[in-house]
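In this note's numbering, each residue carries its 1-based index in the sequence shown increased by 761. Presented below is the structure to which this report refers.
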Amino acid sequence: MRRSEEQSGERRVYGLILVGAGTVLWSLAGLFVRAIDLGLWDLILWRSLFACLCLVAIAIARPAEAVRFDWRFCLAACFSATAMFCYVAALTMTTVANVLIIYATLPFVTAALAFAVGREAASRRLLMASTVSMIGIVFVAGTALAASDIKGNLLAFAMTLSFGALLIVTRRNRALNLIHVNAAGAALCAIAAFPFSSGQLPGGGALGLIFMLAFLTTALAFLLFLAGGRHVASSESALIALLDVVLGPLWVWLAFAEDPGKSAIAGGLIVVAAVVWYFWPSLRRSRS
């Protein structure tokens, strides 16, 4: 019995390390986008292309059931492609902090979509946390002084809506493989971006950075998070993922002195506090 508990504890620590490592890699996306001097459509094209190739390689290395190209798969892939496009576009138009703070409301946005689509009941705790998080988003929106900031914030919200829709589709269709879905989404994103791109191959330095952006922050981060998530509670994974909201702005502040502003910081603290408060009971149950 004791041996079994020790093994369970070791698996949990292993899972926490993997989820944490995946989150750290995710948080580097804004840093790479700031470092890459390339037009939006070219950036989206090459990032999506490399992400697709990396995810296909992972799918081949981890063989699963055959891919079923039904309407559910196509719908999930479209949501994935939309989220990928909006994410990169938002990062080029507003601060990294704004994008990540808005994305942190994903649990609440997903719950709202689930209620709108399937009338899934929301708990009182969820409604309270959602209301508080929206107050934080108001603080973030108040920092949008330029037109590009407003567009960036709207794109970040569209990204969050798309991810929420993707989660609902995959949750209701357990047979969908997320690696296959995201690989198809990346391919769709690349196809959509190609007509608007310059059609030129980026320089070696930019191409290398784009590959690192796709491999580290998309493929490898996703793989680590999935592998670690098998050994820890979903509430723990969700809370660890909140590190992205802190680390993402930190990297661009250290490298490029990008100041998110006091209002964005205040809004971020409110959103993070709301998410932590919402997941806290589940976290305590998983550790008891």
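Virtual Cβ for every residue (Gly too), placed ideally from N, Cα, C.
- In the three-state reduction of the DSSP assignment, S959 falls in the coil class.
- Excluding residues up to 5 positions away in sequence, G1028, I1031, V1032 lie with their Cβ nearer than 6 Å to the Cβ of G897 in the same chain.
- Counting the other CB atoms within 10 Å of its CB gives C815 a total of 16 or more, which places it among the buried residues.
- With 16 or more neighbouring CB atoms inside 10 Å of its own CB, G783 falls in the buried class.
- In this structure, the beta-carbon distance from I971 to I797 falls below 8 Å.
- N914 carries a helical assignment under DSSP once its states are collapsed to helix, strand and coil.
- When C-beta atoms of the segment 977 to 984 are compared with those of the segment 832 to 844, fewer than three pairs fall below 8 Å, so the two segments do not count as touching.
- Pairing G781 with I1001 gives a Cβ-Cβ distance under 8 Å.
- Per the coordinates, the alpha-carbon of Y775 lies some 22 Å from the alpha-carbon of L939.
- CA-CA distance, R772 to F986, rounds to 14 Å.
- Here the alpha carbon of F955 sits roughly 6 Å from the alpha carbon of L806.
- Residues S894, I898, T921, V1032 of the same chain have their beta carbon placed closer than 7 Å to that of T866, with the five preceding and five following residues left out of the count.
- Sequence-distant Cβ neighbours of F1017 in its own chain, meaning closer than 6 Å and more than five residues away, are R795.
- The closest CA to that of W1041, considering only S995, L1011, W802, P1010, is found on S995.
- Scanning R886, W832, V870, C813 for the CA closest to the CA of S1043 turns up R886.
- Of the other Cβ atoms in all chains shown, fewer than 16 fall within 10 Å of the Cβ of F876; this residue is therefore exposed.
- When the alpha-carbon of D803 is set against those of L962, M973, A988, H992, the nearest one is in L962.
- From the listed residues L861, G903, R935, A945, the smallest Cα separation to F918 is found for L861.
- When the Cα atoms are used, P1021 and L852 turn out to be separated by approximately 13 Å.
- For I929, the closest of P824, L915, F834 by C-alpha to C-alpha distance is F834.
- If you ignore the 5 residues before and after G925, its C-beta comes within less than 7 Å of the C-beta of L867, V870, T871, L874, all in its own chain and listed in chain order.
- Contact between L789 and W1012 is confirmed by a C-beta separation of about 6 Å, below the 8 Å threshold.
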